[in-house]
Amino acid sequence: DRAIVQVTELDGLNDKGDDWLSPTDIENVREISLDRTFGEGALSAEEIILNEESESESSSSEDESDSDEESSNLGENPGRSQPTTHKRSGANQVLDGSVVELNYGMDSEIGAKQIASGEVVYSAGRYAIVEDMLSVKKGENRKLWSLHERRITALEVHPNGRWVFSAEEESGKILVWDATNTKLLFAIDTVLRDARQLAISKCGKTLFVYGGNSDKTYCFYDISRPGKAIQTFSDKLPEDINVVCLDMLTYHEVILAGSDVVRVANDGSVVRMRWGKTAPKSIQDSLVVVYGSRACITASSASGTIYLWTNDICSRHTVIDIPMEENVEEKPEQLKRRKHFLVHSLSLCHGSGSNAIACGLDDGSIQMLSTRNLELMGGGHFKSASSQQ
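full-length UniProt numbering puts the first residue of the sequence shown at 1, with every later residue one more than the last.
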């Protein structure tokens with residue numbers, strides 16, 4: 001699923017001005033080369049707006065012939081009223097003025113991260129995009145930022161809701177920037193070739209960096225001092241542990257889930273959690289730590305099961321069953337064989353005294369579960385069972 005570029009076309013870039021590319025500020029424009037670094041992250045809308053009246057008349061005939069040829073390839077009158085798309089790859093893109101999303105689309109492996117209320121940040125190639133999801137006009141409050149020279153491989157948001165940590169492919173570099181004004185705060189040169197996953201403790205003191213399953217290297221960084229990141233520990237995971245998702249448990253411990261569920265501390269200790277007697281063993285692809293406790297919840301799409309982990313053991317699990325229908329014989333064969341829903345995501349519900357998680361399913365529904373016993377809140381498809389029976 002590849003999104004089409006729909007951004008305002010620009011001509012005559014420079015490296016001065018504001019960091020944001022604001023679609024509402026850009027009119028009467030034609031084409032932009034997105035394969036550039038906007039020096040200091042800056043791109044001034046005011047300085048890149050075309051002034052067609054001031055174009056040189058001496059070169060008008062040559063430009064006109066070139067534009068006619070280009071117009072035949074790109075379509076008529078690209079712009080807000082009739083966005084035009086094309087199949088050319090590389091830097092040049094057709095832009096539309098209301099959307100700032102690159103043709104290779106949002107990186108679904110990283111996903112979107114919530115910043116402030118109503119705002120999220122996600123990546124597309126080497127660009128970070130901040131969008132106000134509550135905007136009345138879709139795309140009007142979408143902003144583009146980039147200081148990276150290569151593709152963004154991981155994103156994480158500081159608990160203060162402002163600082164964004166973005167990792168760069170093949171360099172091990174992590175840039176830390178303020179989402180409210182896009183100013184670069186500082187950079188972290190890690191010992192990793194690639195930083196594939198990031199996590200920040202809820203207190204904002206510690207950054208955890210994982211280099212991916214091919215490398216197995218992980219690092220803990222102290223980020224409690226403004227503008228600094230001090231590496232406190234680095235090591236490699238055992239070869240048989242593959243990580244799909246992770247979350248910080250405390251400022252010195254992280255939970256890793258995938259082939260196993262393990263707890264890793266900044267002293268190098270690695271504790272494998274036990275599955276319990278009845279919990280089905282399967283790859284875990286979603287994870288959330290329950291704030292204010294040492295418990296965590298994981299989910300497996302392979303088995304359609306959600307697991308509650310307390311005291312380093314799976315204490316309870318819930319299977320997300322599909323209710324049988326009377327006319328199941330009329331259903332396609334693939335539906336007959338299917339026995340459970342797929343869990344796409346888990347998210348802890350915020351708020352004082354919150355004891356619920358939201359579970360996103362592949363049928364488009366969102367179900368609420370108790371963080372205490374995984375019981376369904378409000379009716380649905382779940383059958384809860386103890387894992388210690």
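Ideal Cβ positions, reconstructed from N, Cα and C, are used throughout, including at glycine.
Note that the coordinates shown come from a computational prediction; the quantities given were computed from them, not determined experimentally.
Report, in whole angstroms, the separation of the C-beta atoms of Ala199 and Asp247, which I expect to be a contact under 8 Å.
If you number the sequence shown from 1, residue 199 lands on position 199. If you number the sequence shown from 1, residue 247 lands on position 247. 6 Å between Cβ atoms; contact.
Boundaries of the beta strand (DSSP E) in which Leu316 is found, first to last residue
Your numbering for residue 316 matches position 316 in the sequence shown. The question names Leu, but residue 316 in the sequence shown is Arg. Run containing Arg316: Ile313 to Ile320, per the beta strand (DSSP E) assignment.
Can you give the Cα-Cα distance for Tyr218 and Ile188, rounded to whole angstroms?
Taking the sequence shown and counting its residues from 1, the one referred to as residue 218 is at position 218. Taking the sequence shown and counting its residues from 1, the one referred to as residue 188 is at position 188. Using only the alpha carbons, I get a separation of about 14 Å.
For Ser345, which residues does DSSP report across the bridge?
By one-based count along the sequence shown, residue 345 stands at place 345. Paired residues: Gly360.
Bounding residues of the beta strand (DSSP E) (the contiguous stretch that carries Thr180):
For the purposes of this step, residue 180 is taken as residue 180 along the sequence shown, with counting starting at 1. That residue, Thr180, is in no beta strand (DSSP E); it is neither H nor E in DSSP.
For Tyr251, does the three-state DSSP call read helix, strand or coil?
For the purposes of this step, residue 251 is identified with residue 251 of the sequence shown, where counting begins at 1. Reduced to three states, the DSSP call for Tyr251 is coil.
What residue range does the beta strand (DSSP E) around Tyr307 cover?
Along the sequence shown, read from residue 1 onward, the residue named residue 307 stands at position 307. Thr305 to Thr310 is the extent of the beta strand (DSSP E) around Tyr307.
Who pairs with Lys173 in a beta bridge, going by DSSP?
What you label residue 173 is simply residue 173 of the sequence shown in a count that begins at 1. Lys173 is bridged to Asp189.
Note down, in chain order, each residue of its chain lying with its Cβ closer than 7 Å to the Cβ of Arg372, except the 5 sequence neighbours on either side.
Here residue 372 refers to the residue found at position 372 of the sequence shown. If we look at Arg372 and ignore the five residues flanking it on each side, its Cβ neighbours are Asn355.
Assuming Asp312 contacts Ala299 (C-beta within less than 8 Å), just tell me the rounded distance between them.
By 1-based counting over the sequence shown, the position of residue 312 is 312. By 1-based counting over the sequence shown, the position of residue 299 is 299. 18 Å between Cβ atoms; not a contact.
So, are the CB atoms of Val157 and Gln114 less than 8 Å apart?
Along the sequence shown, one-based indexing puts residue 157 at 157. Along the sequence shown, one-based indexing puts residue 114 at 114. Yes. Within cutoff.
Among Leu369, Leu185 and His317, which has the Cα closest to the Cα of Pro226?
Taking the first residue of the sequence shown as 1, we reach residue 226 at position 226. Out of Leu369, Leu185 and His317, Leu185 has the C-alpha closest to the C-alpha of Pro226.
Here's a check: name, in chain order, each residue in its chain whose Cβ is nearer than 6 Å to the Cβ of Asp222, leaving out the five neighbours to either side.
Position 222 of the sequence shown, counted from the start, is the residue given in the question as residue 222. These residues qualify, in order along the chain: Ile230 and Thr232.
Could you give the distance in angstroms between the alpha-carbon of Thr153 and the alpha-carbon of Gly276?
Your numbering for residue 153 matches position 153 in the sequence shown. Your numbering for residue 276 matches position 276 in the sequence shown. Computed Cα separation, rounded: 35 Å.
Closest to Thr278 by CA distance: which of Cys349, Met368 and Ile306 is it?
The residue you call residue 278 lines up with position 278 of the sequence shown. Thr278 has its Cα closest to that of Ile306, out of Cys349, Met368 and Ile306.
Measuring alpha carbon to alpha carbon, tell me which residue in Met133, Asp267, Gln367 and Arg150 is nearest residue 390.
In the structure displayed, the chain extends from 1 to 389; residue 390 sits before or after that span and is not available.
With a CB to CB cut of under 7 Å and the five nearest residues on each side skipped, what residues in its chain are close to Ala116?
The residue given as residue 116 occupies position 116 in the sequence shown. So the list reads Gly161, once near-sequence residues are dropped.
Cα-Cα separation, Gly258 to His252
Stepping through the sequence shown from its first residue, residue 258 is reached at position 258. Stepping through the sequence shown from its first residue, residue 252 is reached at position 252. Cα-Cα distance, rounded: 20 Å.
Go through its chain and collect everything with a Cβ distance to Glu70's Cβ below 7 Å, but skip five positions before and after it.
Here residue 70 refers to the residue found at position 70 of the sequence shown. Caution is warranted here: a pLDDT of 42 is assigned to Glu70, below 50, making its placement in the model unreliable, and the coordinate value is therefore given only provisionally. Around Glu70: no qualifying Cβ.
At which residues does the beta strand (DSSP E) containing Ala112 begin and terminate?
Residue 112 sits at position 112 when you count from the first residue of the sequence shown. No beta strand (DSSP E) contains Ala112, which DSSP labels as neither H nor E.
Is the Cβ-Cβ distance between Leu249 and Val289 less than 8 Å?
Here residue 249 refers to the residue found at position 249 when the sequence shown is read from its first residue. Here residue 289 refers to the residue found at position 289 when the sequence shown is read from its first residue. Yes. Within cutoff.
Of the residues Ala265, Gly211, Lys281 and Ser234, which one's Cα is nearest the Cα of Val243?
Counting from one through the sequence shown, the residue named residue 243 turns up at place 243. With distances taken between Cα atoms, Val243 lies closest to Gly211.
Would you call Val121 buried or exposed, if buried means 16 or more other Cβ atoms sit within 10 Å of its Cβ?
Translated into positions along the sequence shown, residue 121 becomes position 121. Val121 should be labelled buried.
Rounded to whole angstroms, what's the CA-CA distance from Val262 to Ser282? Just pull it up for me.
In the sequence shown, the residue the question calls residue 262 occupies position 262. In the sequence shown, the residue the question calls residue 282 occupies position 282. Val262 and Ser282: Cα-Cα distance of roughly 14 Å.
Backbone secondary structure at Gly258 - three-state DSSP
Residue numbering aside, residue 258 sits at position 258 when the sequence shown is read from its first letter. Strand.
The beta strand (DSSP E) with Lys205 in it runs from where to where?
Your numbering for residue 205 matches position 205 in the sequence shown. Neither: Lys205 is in no beta strand (DSSP E) and is coded neither H nor E.
Per DSSP, the bridge partner or partners of Met368
Walking along the sequence shown from the start, residue 368 turns up at place 368. Met368 pairs with Ala358.
Pick out whichever of Asn213, Val271, Ile241 and Arg196 has its Cα sitting closest to the Cα of Gly111.
The count along the sequence shown starts at 1 and reaches residue 111 at position 111. Closest by alpha carbon: Arg196.
Which residues in the same chain as Cys349 place their Cβ atom closer than 7 Å to its Cβ, once the five residues preceding and following it in sequence are excluded?
In the sequence shown, residue 349 corresponds to position 349, counting from 1. Cβ within range, chain order: Ala356, Ile357 and Ala358.
Report the rounded CA-to-CA distance for Asp260 versus Leu376, giving the unit in angstroms.
Mapped onto the sequence shown, residue 260 falls at position 260. Mapped onto the sequence shown, residue 376 falls at position 376. Cα-Cα distance, rounded: 25 Å.
Grouping DSSP H, G and I as helix and E and B as strand, with all else coil, what is Ser300?
On the sequence shown, residue 300 is found 300 positions in, with the first residue counted as 1. In this structure, Ser300 counts as strand in the three-state DSSP scheme.
Excluding sequence positions up to five away, which residues of its chain have a Cβ less than 7 Å from the Cβ of Ser201?
Here the question's residue 201 lines up with position 201 in the sequence shown. Counting only Cβ-Cβ distances below 7 Å, and skipping sequence neighbours, we find Met248, Thr250 and Tyr251.
Burial state of Tyr127 (16 or more Cβ within 10 Å)
Along the sequence shown, one-based indexing puts residue 127 at 127. Buried: at least 16 other Cβ atoms inside 10 Å.
What residue range does the beta strand (DSSP E) around residue 392 cover?
Any property of residue 392 remains undetermined from this structure, which presents the chain solely from 1 to 389.
For Ile174, is the classification buried or exposed, using 16 other Cβ atoms within 10 angstroms of its Cβ as the cut-off for buried?
Residue 174 sits at position 174 when you count from the first residue of the sequence shown. By the 10 Å Cβ count, Ile174 comes out buried.
Taking the alpha carbon of Trp215 as the reference point, which residue from Leu374, Val254, Pro238 and Tyr291 has its own alpha carbon closest?
What you label residue 215 is simply residue 215 of the sequence shown in a count that begins at 1. Note on residue identity: the sequence assigns Asp, not Trp, to residue 215. The candidate whose alpha carbon is nearest that of Asp215 is Pro238.
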